[in-house]
Each structure stands twice: as structure tokens, then as C-alpha cells.
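Asks:
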Amino acid sequence: MSETVLYLKNALFHPLKTGAVLPSSERLSNRIVDEAHVSSADVIVEFGPGTGALTQTIIEKMSPEATLVAMEINSDFAKRIRKRFPTARVFNACAGDTLKCLKSVGITECDSIVSGLPWSVFSDALQKKLLGSVYEVLNPGGIFTSFAYTPMHMLPGGRKFKKNLEAVFGKIKKTETEWRNVPPAFIYRAVKKD
């Protein structure tokens, strides 16, 4: 099954778990990976890799000595990521289980988290729980990045996400919109205080 067909099938039948209509564009993938400083990170965690559009860019730009841990709740996507990227440590698990999964492979913290999760559809309580997990596993100075679709950030869930992100990290950065993505998206970047 092609990646696009697999993605569309899961977007149709599991919209709250998939969160996107199509995989991220190469331009958006490059921008989010650059914002996350993946090239200088020793341990990178990716939330919601889907079929691997962003994963491919992470692997291309990360150091050969770095470790990539992918957290994917959808079993079809997790299998695809394991097959496509055998060097990645892939867990078919929720992002809230990141610390437990990292510890299972002898890691306690990470330098960068790149998220493809559909934050705007999550409840306020789930957003807070997952962002607490993000903050817990990041090293001091570690970077959290997540993209958001331009129309979705104006909905109540999208506004809550920005508010919750600021509550956890303080100051956050919002990039310009990447119009060459379907749908157009921008990136939030937050840094854990030292």
C-alpha cells in the first residue's frame, strides 16, 4: 500500500489519531527540523511520525551518532516507520509514555522533540498532561517544536494549545506560515529553561 493511500485511510478512519489530511511537505519538514536544531542533538524524539515524511528529514539532518526515538500510537504507521527506518527506535505508544519508553532503552532525557501531533483536537487536560511529559523528558536547553495548521490554531483547541505551551515553557516562538504545505502550517518552538 502506498504511503499516501495508507495515510488517507488512517486519516479517514482515525481522524483524531492521524490529525492531518496529507503528510508534511518537504519545505515544512526542513523548517521544523531546522527549528528543532536536530543536527546538533544527541537524542531526538518524534511524536506522531505517521508515514515518515518528517522522519526522513530528521534522519537526513541528524548526526550519525544521534539516536532517534519515534512515538507512534497508530500500529499501521509504527510498522511502516520500523520498516522504513530500521535505525530509529520506534514505539507503538502514546507520547505520554515517552519517559518510560526512553528508560527502556537506557535514555533518560532528550535534546529535541519534534511533534506532528494534532494538538488542537486534544482536550485541555490531555494537552497539559502531554506538555508536562514533554517538559519532563527534555534536557535543560532542550527544544520542543510542533507544527500547527493555520486555520486550526484559531479554533478553541488551537488557542488552548498556545496558552498551555506558554504556561509550561514561558516564551515561545511562532514562525511565519509555510504556504507551500497542504494545509498551510507554521511552527511553534519552545526551549526548556536551564
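Residue numbers for the sequence shown follow our numbering, beginning at 32 and rising by one.
No residue lacks a Cβ here, since even glycine has one placed at the ideal position from N, Cα and C.
Fair warning: this is a prediction, and the values are worked out from it, not measured in the lab.
1. Here's the rule I'm using: 16 or more other beta-carbon atoms within 10 Å means buried, otherwise exposed. How should tryptophan 210 be labelled?
2. Out of curiosity, what's the CA-to-CA distance linking valine 213 and lysine 224?
3. What is the DSSP secondary structure of threonine 86, counted as helix, strand or coil?
4. As an exercise, report each continuous beta strand (DSSP E) stretch of at least 3 residues that is fully enclosed by the segment 109–159, in chain order.
5. If you count every other CB in all the chains shown that lies within 10 Å of the CB of valine 121, and 16 or more means buried, which is it?
6. Once the 5 residues before and after serine 71 are set aside, which same chain residues still bring their CB inside 8 Å of it?
7. Would a C-beta distance cut-off of 8 Å place glutamate 103 and proline 117 closer than the cut-off?
8. Flag this pair as yes or no: are the beta carbons of isoleucine 75 and isoleucine 89 separated by less than 8 Å?
9. Do the CB positions of isoleucine 138 and phenylalanine 175 come within less than 8 Å of each other?
10. Rounded to whole angstroms, how far is the Cβ of glycine 188 from the Cβ of phenylalanine 217, which I believe are closer than 8 Å?
11. Residues in the same chain with beta-carbon distance under 7 Å from valine 165, minus the five sequence neighbours each way, listed in chain order, please.
12. Note down the Cα distance separating glycine 127 from serine 60, rounded to an integer number of angstroms.
13. Restricting to Cα atoms, I'd like to know which of Phe78, Glu66, Pro215 is closest to leucine 133.
14. Determine, using beta carbons only, whether threonine 206 and arginine 62 come nearer to each other than 8 Å.
15. To the nearest whole angstrom, what separates the beta carbons of phenylalanine 200 and alanine 221, a pair I think is in contact under 8 Å?
16. Could you check what DSSP says for methionine 183 in three-state terms: helix, strand or coil?
17. Give the DSSP-derived three-state secondary structure of threonine 206 in the structure shown.
18. Taking DSSP's pairing of strands, which residues face arginine 220 in a bridge?
Replies: According to the structure data:
1. With fewer than 16 other Cβ atoms within 10 Å, it is exposed.
2. Going by the C-alpha atoms only, they are around 33 Å apart.
3. For threonine 86, the three-state secondary structure derived from DSSP is helix.
4. Complete beta strand (DSSP E) runs here, min 3: 120–122, 141–146.
5. So valine 121 counts as buried.
6. Only Ser94, Asp142 meet the Cβ criterion.
7. Contact: no.
8. Cβ atoms of isoleucine 75 and isoleucine 89: closer than 8 Å.
9. Contact flag unset, no.
10. That pair is no contact at about 16 Å.
11. The residues are Ile144, Phe175.
12. Here the C-alpha atom of glycine 127 lies approximately 23 Å from the C-alpha atom of serine 60.
13. Taking only the C-alpha atoms, the option nearest leucine 133 is Phe78.
14. Yes, they are a contact pair.
15. So it is a contact: roughly 4 Å between Cβ atoms.
16. The answer is helix: DSSP assigns methionine 183 an H, G or I state.
17. The answer is coil: DSSP assigns threonine 206 none of H, G, I, E or B.
18. Thr176, Lys204.
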